Amino acid sequence: MKLVVTGGAGYVGSVCAAVLIEAGHDVVVIDDFSTGNRDAVPEGAMLVEGNIVDVIDGVLAEGGIDGVLHFAARSLVGESVGEPAMYWHDNLVVSLVLLDAMRRHGVTSLVFSSTAATYGEPEEVPIVETAPTRPTNPYGATKLAIDDAISSYCTAYGLGATSLRYFNVAGAYGEHGENHPTETHLIPLVLQVAMGYREKIMIFGDDWPTKDGTCVRDYIHIRDLADAHVLALEANQPGEHRIFNLGSGDGYTVREVIETCREVTGHPIPAEVAPRRAGDPAVLIASSARIQQELGWNPTRTELTRIVTDAWHFTRDLGERSHGAR
Ligand code: UFG
Numbered sequence: 001m002k003l004v005v006t007g008g009a010g011y012v013g014s015v016c017a018a019v020l021i022e023a024g025h026d027v028v029v030i031d032d033f034s035t036g037n038r039d040a041v042p043e044g045a046m047l048v049e050g051n052i053v054d055v056i057d058g059v060l061a062e063g064g065i066d067g068v069l070h071f072a073a074r075s076l077v078g079e080s081v082g083e084p085a086m087y088w089h090d091n092l093v094v095s096l097v098l099l100d101a102m103r104r105h106g107v108t109s110l111v112f113s114s115t116a117a118t119y120g121e122p123e124e125v126p127i128v129e130t131a132p133t134r135p136t137n138p139y140g141a142t143k144l145a146i147d148d149a150i151s152s153y154c155t156a157y158g159l160g161a162t163s164l165r166y167f168n169v170a171g172a173y174g175e176h177g178e179n180h181p182t183e184t185h186l187i188p189l190v191l192q193v194a195m196g197y198r199e200k201i202m203i204f205g206d207d208w209p210t211k212d213g214t215c216v217r218d219y220i221h222i223r224d225l226a227d228a229h230v231l232a233l234e235a236n237q238p239g240e241h242r243i244f245n246l247g248s249g250d251g252y253t254v255r256e257v258i259e260t261c262r263e264v265t266g267h268p269i270p271a272e273v274a275p276r277r278a279g280d281p282a283v284l285i286a287s288s289a290r291i292q293q294e295l296g297w298n299p300t301r302t303e304l305t306r307i308v309t310d311a312w313h314f315t316r317d318l319g320e321r322s323h324g325a326r
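Note that full-length UniProt numbering numbers the sequence shown so that position 8 is 8, with each residue one more than the last.
Written out as structure tokens, the structure is:
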């Protein structure tokens with residue numbers, strides 16, 4: 001298939017683009033490099049540099065596009081609280097422009113990066129797709145609004161779409177990994193301590209109602225996540241919007257993550273308890289039963305040690321490359 005991948009220079013988008021190319025698809029990456037990295041665009045992809053709003057018509061007008069995978073987005077929960085206008089525009093408005101361009105050009109298949117943040121504080125874990133959606137921050141609210149728009153476009157205009165609600169994506173695939181200009185995620189931050197870039201890791205609260213008092217999250221390997229996108233694309237049906245959670249189904253505390261990073265890196269990784277971070281739910285664990293049953297998704301890299309090891313190799317190699325470039 002010939003596919004458009006928006007945000008193909010970002011962490012998740014670049015890995016998915018690489019996996020799609022490996023699977024034999026032709027990939028056109030659209031990215032404006034506002035948060036993505038130029039060297040993350042996978043080899044073999046055609047690159048269109050620019051904002052989706054400016055370039056999407058030109059790309060789709062060339063014809064022959066079978067589907068779109070839409071990753072480009074603002075995705076920092078904390079930032080979304082302080083800068084909601086940027087999130088509503090860059091996430092919702094830009095997605096609507098994309099949906100309308102797809103409609104105009106007769107492109108009827110979409111895979112969308114949604115998030116566990118659409119659910120907010122869960123009433124029950126593991127979280128199933130029928131759980132109430134009550135986002136607790138603008139980031140989650142924008143993604144939920146896009147999911148709603150997609151549903152109505154599917155019903156009214158015959159779009160075939162899948163929204164994948166990611167839990168805590170981590171790990172790396174080959175030379176593609178997490179390399180954000182502003183890093184807020186736990187595993188890359190802990191590995192930065194092991195690299196000597198940071199003195200210590202701050203644990204946001206140790207008085208949560210969990211087994212060791214720190215928050216529990218469901219970490220999913222980026223490569224398993226990418227496989228789900230390929231399956232979703234192949235299963236899209238005109239007029240249908242499917243929504244699937246994507247996690248490993250296992251929860252690990254912040255302390256367990258730090259301990260695993262110590263084992264993998266051999267570094268003592270000093271840690272210090274800090275106050276709770278606003279907006280953090282105590283426990284987020286996915287039920288991915290629906291996508292396993294309906295699409296046959298079978299994650300194979302669910303061990304935290306495997307996820308951290310792949311992330312560590314990427315972080316170390318990146319450190320060596322940037323050191324060599326100096
Ligand atoms: N944490 C720390 N110290 C840090 C960074 C994080 O203790 O320096 C803790 C957080 O408090 C949280 C856990 O580690 O309990 C994981 O935090 P991340 O920032 O890595 O990830 P989040 O769970 O906050 O958010 C991620 C995605 C969101 C998505 C959410 C839904 O980044 O986009 O999962 O599951 F919405």
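Where is the CB? At the ideal position from N, CA and C, for every residue including glycine. This structure is a prediction, so every number in the text was calculated from the model and none was measured.
Asked	Found
Alpha carbon to alpha carbon, how far is arginine 242 from tyrosine 11? Give it in angstroms, no decimals.	24 angstroms
Helix, strand or coil for serine 288 per DSSP?	coil
Identify the continuous beta strand (DSSP E) that holds lysine 143 and give its terminal residues.	No beta strand (DSSP E) contains lysine 143, which is instead part of the alpha helix (DSSP H) from 138–157.
Secondary structure at tyrosine 11, three-state DSSP: helix, strand or coil?	helix
Check whether the Cβ atoms of lysine 2 and isoleucine 56 sit closer than 8 angstroms, and answer yes or no.	no
Measuring from each Cβ to the nearest heavy atom of the ligand UFG, keep the ones under 6 angstroms and list them in chain order.	Ser75, Val77, Thr115, Ala116, Ala117, Phe167, Asn168, Thr184, His185, Leu186, Leu189, Ile201, Met202, Ile203, Phe204, Cys215, Arg217, Val254, Arg277, Asp280 and Leu284
Quick check: the Cα distance between proline 299 and leucine 246, rounded to an integer number of angstroms?	10 angstroms
Enumerate in chain order the residues of its own chain whose CB-to-CB distance from threonine 302 is below 6 angstroms, with the five nearest sequence positions on each side excluded.	Ser248
What do you get for residue 362, buried or exposed, if any count of 16 or more other CB atoms within 10 angstroms of its CB means buried?	Here the chain has residues from 1 to 326 only, and residue 362 is not among them.
For tyrosine 119, count the other beta carbons within 10 Å of its own beta carbon; 16 or more makes it buried, fewer makes it exposed. Which is it?	buried
If you follow the alpha helix (DSSP H) that threonine 260 is in, where does it begin and where does it stop?	254–265
Let me know the secondary structure DSSP gives histidine 105 once reduced to three states.	coil
Terminal residues of the continuous beta strand (DSSP E) containing histidine 241?	241–246
So what does DSSP say about alanine 271, is it helix, strand or coil?	strand
Hey, which unbroken runs of the beta strand (DSSP E) at 3 residues or more fall wholly within the region 163–209?	168–170 and 201–204
Tell me whether arginine 223 sits in a helix, a strand or coil according to DSSP, three-state version.	helix
My assumption, with CB atoms under 8 angstroms, is that alanine 226 sits in contact with tyrosine 173. Please give the rounded CB distance.	7 angstroms
Contact defined as beta carbons within less than 8 angstroms: I believe alanine 274 pairs with isoleucine 258. What is the distance between those atoms, to the nearest angstrom?	Contact flag wrong, Cβ pair sits at about 13 angstroms.
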